[in-house]
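**Q** Chains as they are written, first to last, in our numbering: chain W, 831 to 949; chain U, 655 to 1075.
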């Protein structure tokens, strides 16, 4: 044991500790970067889907009657529309619900439109 | 107590510095990542708020078209949906025959706004070609006159007749359905008429309380987004510059618009307004005595020629080649209607609606609707009352998306006439 102790130089312990710190830091950074990228991807995906939903909301009037019932877009997202009554006469709340192809995100956006019998 | 050798031993001098260096680098990387995440989230939320604000603005426009009228100049706030962060506001301001609507939406740091000119859809009668007051006499058609579309005529009906030696040249007396008119002119919307009277009088403080902008001699464009009105008055105005936006010029005597003037959306009010031959632009005129329009003048949609006459005689006179796109109003004391004349000669065209509480001396083309108290033809061979001579009246020729005012024959369905931003 004495021989072993002698072989363990003071600097070795520091090097081990330093190495452990570096490994911990690198591991932490890696985990954080991974989580961050996942989160970014997630929010980026969510943002993209929200933008898509808003686009469908704004172009609702240009859709065919069949599409206005609901459709699956080119990216595999399921798009449905529903209308809800509002306190304002002649106006309806148009709600677009977009469910992404992976069934992970469920986006809802809304705007006011004229009821069909009003315009 | 003796410490173990590994602890009590001496450390290499660079070890601590090395550990500190690694720690600092790690901290910087971590901070950068945390900041990255933070800013990414902010950007994401900001972008989403921007998009949502734009969608809310379109909701606000629809809301401003659907709801009953708000008082002028009062900014009314609305919560669009139940989630509580979709706030919009609407403000209504008078601008001649129409209203300017300002709609705003606010989400996060984003604020979007739009101004537009709002008009009204025509009702069933407004979509007809003619409404002629029933004075117990038939209407006579002569020359190349052609009335197409639904026509509201006196019970005595319509007949062909000669003006001088010229007889009626078409096969049918009426190219459309005939319905009975009434003995009275349609009643004008009192609120709008009062607004127009205030414009005619130059009563800016009544129409724009607290938002009067001092006149600036050099201003030639005054955007509607300023919310104020640029009001200037003089004895006479002679216009040859470019003027656009919320500019209102009032003269106590006369306004003359020269051919080279470039006017867009401005309001001119005076007893007499003259527009020189060759002028082209969009404007609203509210006069009390006379409106004279020279040859080949083109008034773009939406233009308005209003003559609100208290002391007859009064005249709206157009020369040949004139094209008016919008609304023409001639009103005043009902009993003195014979002293007011609206003259639309052969070669002049009106695309829109006309209300004539006077004598309609119309030989030109009206694509749209004419409400008239009485027709008048003045030729070398004599003066003929209730004769339609050479007039081309066609309701279907008016653009289907034409939007008029809320004076007469309108539905309570509002429309965007023109975006002003």
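Glycine included, C-beta positions come from ideal geometry on N, C-alpha and C. Just so we're clear, the structure is a prediction, and the values are computed from it rather than from any experiment.
Thinking residue 882 (chain W) and residue 907 (chain W) are a contact (beta carbons under 8 Å), I'd like their distance in whole angstroms, please.
**A** Taking a contact as a CB-CB distance under 8 Å, the pair residue 882 (chain W) and residue 907 (chain W) counts as one, their CB atoms being some 7 Å apart.
**Q** Tell me whether the beta-carbon of residue 886 (chain W) lies closer than 7 Å to the beta-carbon of residue 926 (chain W).
**A** yes
**Q** So which residues of chain W does residue 716 (chain U) contact, with C-beta pairs closer than 7 Å?
**A** 921, 942, 943 and 944
**Q** Are the Cβ atoms of residue 891 (chain U) and residue 875 (chain U) separated by less than 7 Å?
**A** no
**Q** Under the criterion of a Cβ to heavy atom distance below 6 Å, does residue 1062 (chain U) qualify as lining the ligand ZN?
**A** Of the ligands one can find in the structure shown there are none, so the ligand ZN has no counterpart to examine.
**Q** On the criterion of 16 or more Cβ atoms from any shown chain inside 10 Å, does residue 1073 (chain U) qualify as buried, or is it exposed?
**A** exposed
**Q** As a quick exercise: from U:968, U:1007 and U:969, pick the residue whose alpha carbon is nearest that of residue 957 (chain U).
**A** U:1007
**Q** With the cut-off set at 7 Å, would you say residue 832 (chain U) and residue 810 (chain U) are in Cβ contact?
**A** Note that the C-beta distance between residue 832 (chain U) and residue 810 (chain U) is not below 7 Å.
**Q** Let me check one thing: in DSSP terms, what residues is residue 932 (chain U) bridge-paired to?
**A** Per DSSP, none; premise fails for residue 932 (chain U).
**Q** Under 7 Å, Cβ to Cβ, is there at least one residue of chain U near residue 862 (chain W)?
**A** For residue 862 (chain W), the answer is yes, since a Cβ of chain U falls inside 7 Å of its Cβ.
**Q** By DSSP's criteria, residue 949 (chain U) is part of a beta bridge. Which residues make up the other side?
**A** Beta-bridge pairing links residue 949 (chain U) to no other residue.
**Q** Mind the definition here: the segment 1046-1064 of chain U touches the segment 905-924 of chain U only if three or more C-beta pairs lie below 8 Å; say whether that holds.
**A** no
**Q** Could you give the DSSP three-state label for residue 1068 (chain U): helix, strand or coil?
**A** strand
**Q** Below 7 Å between beta carbons is the criterion; list the residues of the segment 881-904 of chain W that meet it against any residue of chain U, in chain order.
**A** 881, 884, 887 and 888
**Q** Residue 733 (chain U) to residue 755 (chain U), Cα distance in whole Å?
**A** 18 Å
**Q** Roughly how many whole angstroms lie between the Cα atoms of residue 938 (chain W) and residue 729 (chain U)?
**A** 29 Å
**Q** Helix, strand or coil for residue 989 (chain U)? Go by DSSP, reduced to three states.
**A** Here residue 989 (chain U) sits in helix by DSSP.
**Q** Taking 7 Å as the CB-CB limit, is residue 709 (chain U) close to chain W?
**A** The beta-carbon of residue 709 (chain U) is placed less than 7 Å from the nearest beta-carbon of chain W.
**Q** Run down chain W in chain order and give the residues with a C-beta less than 8 Å from the C-beta of residue 1052 (chain U).
**A** Result: empty, since nearest Cβ-Cβ is about 19 Å, beyond 8 Å.
**Q** Is the Cβ-Cβ distance between residue 1049 (chain U) and residue 786 (chain U) less than 7 Å?
**A** Cβ distance not < 7 Å, so residue 1049 (chain U) and residue 786 (chain U) don't count as in contact.
**Q** Quick check: the Cα distance between residue 996 (chain U) and residue 970 (chain U), rounded to an integer number of angstroms?
**A** Near 5 Å, if we compare the C-alpha coordinates of residue 970 (chain U) and residue 996 (chain U).
**Q** Taking all protein chains shown into account, decide if residue 819 (chain U) is buried (16 or more other Cβ within 10 angstroms of its Cβ) or exposed.
**A** Looking at its Cβ environment, which holds fewer than 16 other Cβ atoms inside 10 Å, residue 819 (chain U) is exposed.
**Q** Taking residue 983 (chain U) as the reference, which of U:1004, U:959, U:963 and U:974 has the closest Cα?
**A** U:959
**Q** Out of curiosity, what's the CA-to-CA distance linking residue 942 (chain W) and residue 828 (chain U)?
**A** 44 Å
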